[in-house]
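Residue numbers (our numbering): 7 to 158. Note that the Cβ used here is the ideal one computed from N, Cα and C, for glycine as well. These numbers were taken from a predicted model, which means no experiment stands behind them. Have a look at the structure below, then the notes.
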Amino acid sequence: MNYVAKNGQVLESDYGYEGKQATCRASSFTPQVYVSQVNNVPAHSAAGLRAAIAQGPTSVTVEADTKTFQGYTSGVLNSKACGTKLDHAIAAVGYGVENKVNYYIVRNSWSAKWGEAGYIRIASEEKSEWWAPALGICGIQQISVWPTMKTS
7 MNYVAKNGQV LESDYGYEGK QATCRASSFT PQVYVSQVNN VPAHSAAGLR
57 AAIAQGPTSV TVEADTKTFQ GYTSGVLNSK ACGTKLDHAI AAVGYGVENK
107 VNYYIVRNSW SAKWGEAGYI RIASEEKSEW WAPALGICGI QQISVWPTMK
157 TS
């Protein structure tokens, strides 16, 4: 986010997610928005993370070194086998409900061949107790930030 604060970012309508590893073409476009502030999402709060995502893409961290995460193909990932030792930053871009399970929609950077065309749906943990905070599936509810943006 510090990079976008300094250098700006192009609009998705100009240069959308391609879901493949290729040469970056961002320098071909004029930056339109900049980060003016980085906001912390309350840790262990499903409601807080959903509120941040409602403001726009939110940087989340997960444990991605497990077979559970890496082998994801479709559906809502709702397994503690994913772990909670954070090692991968990705962007949460939406949320929803399926079969009474709340989930986050997350865009990964591993190409459109992974998951659901480059995306994963991760279940949220709705409740937390003082002795057992809701870390979230794959640790998604531990450390997250979202930017306040400004135009150039």
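Checklist line | Residues bridged to HIS94 [DSSP beta-bridge criterion] | finding: VAL68
Note to self: Between which residues of its own chain and TRP116 is the CB-CB distance below 8 Å, once the five residues before and five after are set aside?
What the structure shows: GLY124
Check: Between SER51 and VAL151, is the Cβ-Cβ spacing less than 7 Å?
Finding: no
Next item on the list: May I have a chain-ordered list of the beta strand (DSSP E) segments no shorter than 3 residues that lie completely inside the segment 13-54?
Entry: 39-46
Item checked: CB contact flag (ASN108, SER130, <7 Å) -> yes
Check: Any idea what DSSP makes of ILE111, helix, strand or coil?
Finding: strand
Checklist line | Run of the alpha helix (DSSP H) containing THR74, from where it starts to where it stops | finding: 73-76
Notebook entry, point to check: Of all the options TYR21, ALA98, GLN15, ASN84, which has the alpha carbon lying nearest to the alpha carbon of ASN105?
Noted result: ASN84
Item checked: For ALA32 and TYR21, the rounded distance between their alpha carbons -> 7 Å
Margin query: Nearest by alpha-carbon distance to ALA58: which of ILE128, ALA140, TYR101, ALA11 is it?
Written below: TYR101
Notebook entry, point to check: Name the DSSP beta bridge partners of LEU83, please?
Noted result: ILE128
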